[in-house]
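Student: One structure, as structure tokens, below. Some questions next.
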Amino acid sequence: MFGNAGGFEIIIDILENAKVDGDISISVLGCLAQIITFPSVVLHKNFIAQYGQRISTAIRKRLLQATDKSLRDVRKEQIDAIIKSVENVSRRFLSKEEREIQAEVLRLEMCNKNLNSEFLERRINAIKDLNSVLWKNSVQTSPARTTMSTQALIDWMTQQQVFTTIWDAKKTHIQLVQRSNDIFKLLIKEEKMSIESLDLFWNLTNTPAYKSEVFKIINEVAFHLKTNHIEYFYNKITATPNEKLSMEEFNALGELGKYCRNPEFMQKVSNFFWKIITEAAYHTDELIENCIKKFTDMVQFWTIDSKWPLLESLID
């Protein structure tokens, strides 16, 4: 009776033409999406052939065109339910692989939309959702359970300027930086970290509020850093005037030296600590003791011949 009375056509017309937050709210959009897609498994194939793609496209379009204001108080579960509605109707005309890719792309599009929101809560939820997508598609060990390749995800983030959004001091927020370690780690492990993105990330240290978070991430991913990344951070840290160096820089150098397998780099780091120890005028006793500990940890297994120049400098 509902269908014969033109009920479905009315809902489709609203989905295709109504403006979210003008004519309908996100909550109403979600209700209409569920009403029309919930019975999709029993709808006649002719109905699906005529309306299935239109319904899917209309719901996606309405969701992506929703204003920032209309999304402000919408719970994550409501957005997930709308995306699920798109999946439900798509079961009738898309393959499982095509359906999963479509849903993942929609999630990513919503992530990007919300990362650029004026409202912090939406931005935080967006980076959480993005991390979930990255985990699902890059961390899980079973390729059969992934939907998109890591290269496709990195290309998407590059195209959408996600790295600028989360690492440009003028655009980001400390809670976004705190949650960006998975993105940073992925770029490092896949060897896709561009010098531009690395510069963006490092330049956050010029803002006191972000500096400690940057060094936390460096320490967390130190094991995964490649030689060129290690050299980059070493050069940046050692170029800092002595009087501006703090515990964050010393801890990071210690982590970089710990995991680097290059003897020449380990020698450079050790020499740097030695210079700080022997020219201690600019630093507190606590910082110098920290340097001494890191230095001794690094040189304890050196041969006597390697240690001798250091002993000679003490005698001189």
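Counting in our numbering, the sequence shown runs from 1072 upward without gaps. All C-beta atoms in this analysis are idealised placements derived from N, C-alpha and C, irrespective of residue type, glycine included.
1) Out of Met1318, Phe1190, Val1340, Gln1231, point me to the one whose CA is closest to isoleucine 1301's CA.
2) Ends of the alpha helix (DSSP H) at isoleucine 1266?
3) What first and last residue would you give for the alpha helix (DSSP H) that runs through serine 1156?
4) Report yes if the C-beta distance between aspartate 1239 and leucine 1269 is below 7 Å; otherwise report no.
5) Our contact map puts asparagine 1159 next to phenylalanine 1109 with C-beta atoms below 8 Å; I'd like the distance itself, whole angstroms only.
6) With a threshold of 7 Å on Cβ separation, who are the neighbours of tyrosine 1164 within its own chain once the five nearest residues in sequence on each side are excluded?
7) Thinking just about the alpha-carbon of each residue, which of Thr1221, Tyr1303, Ser1265 is nearest to the one in threonine 1235?
8) Per DSSP, what kind of secondary structure is histidine 1300 in: helix, strand or coil?
9) Going straight from the alpha carbon of glycine 1328 to that of threonine 1128, what length do you get?
10) Throw me the rounded Cβ distance for the valine 1375 and cysteine 1362 pair, which I believe falls under 8 Å.
11) Give a yes or no on whether the C-beta atoms belonging to arginine 1170 and serine 1161 are separated by under 7 Å.
12) Could you tell me the distance, in whole angstroms, from the CA atom of lysine 1199 to the CA atom of lysine 1282?
13) Can you tell me where the alpha helix (DSSP H) with serine 1251 in it begins and where it stops?
14) Looking only at C-alpha atoms, which of Ser1166, Ala1197, Glu1192 sits nearest to arginine 1178?
15) Contact defined as beta carbons within less than 8 Å: I believe isoleucine 1172 pairs with leucine 1205. What is the distance between those atoms, to the nearest angstrom?
16) Thinking just about the alpha-carbon of each residue, which of Pro1334, Asn1277, Met1337 is nearest to the one in leucine 1316?
17) Hey, isoleucine 1126 and leucine 1086 are a contact pair by Cβ (cut 8 Å); roughly how many whole angstroms apart?
18) Helix, strand or coil, according to DSSP, for glutamate 1350 in the structure here?
19) For a quick check, are the C-beta atoms of glutamine 1231 and asparagine 1183 less than 7 Å apart?
Tutor: With the given structure in hand:
1) Checking every option, the nearest Cα to that of isoleucine 1301 belongs to Val1340.
2) That run of the alpha helix (DSSP H) goes 1266 to 1274.
3) Segment 1147 to 1161, the alpha helix (DSSP H) holding serine 1156.
4) Cβ atoms of aspartate 1239 and leucine 1269: not closer than 7 Å.
5) 7 Å between Cβ atoms; contact.
6) Sequence inspection shows phenylalanine at residue 1164; the tyrosine mentioned does not correspond to that position. Result list for phenylalanine 1164: Ile1119, Gly1123, Gln1124, in chain order.
7) Considering only alpha carbons, the answer is Ser1265.
8) Reduced to three states, the DSSP call for histidine 1300 is helix.
9) Each residue's alpha carbon lies about 53 Å from the other.
10) It should be pointed out that residue 1375 corresponds to isoleucine in this sequence rather than to valine. The Cβ separation is near 22 Å, so there is no contact.
11) Cβ atoms of arginine 1170 and serine 1161: closer than 7 Å.
12) Distance between the alpha carbons of lysine 1199 and lysine 1282: 21 Å.
13) For serine 1251, there is no enclosing alpha helix (DSSP H), as DSSP marks it with neither H nor E.
14) Sorting Ser1166, Ala1197, Glu1192 by C-alpha distance to the C-alpha of arginine 1178 places Ala1197 at the top.
15) Contact flag wrong, Cβ pair sits at about 16 Å.
16) Selected option, being the one with the closest Cα: Asn1277.
17) The distance from the Cβ of isoleucine 1126 to that of leucine 1086 is about 7 Å, consistent with a contact at the 8 Å cut-off.
18) Looking at glutamate 1350 - three-state DSSP - the assignment turns out to be coil, as it is neither helix nor strand.
19) For glutamine 1231 and asparagine 1183, yes; Cβs fall inside 7 Å.
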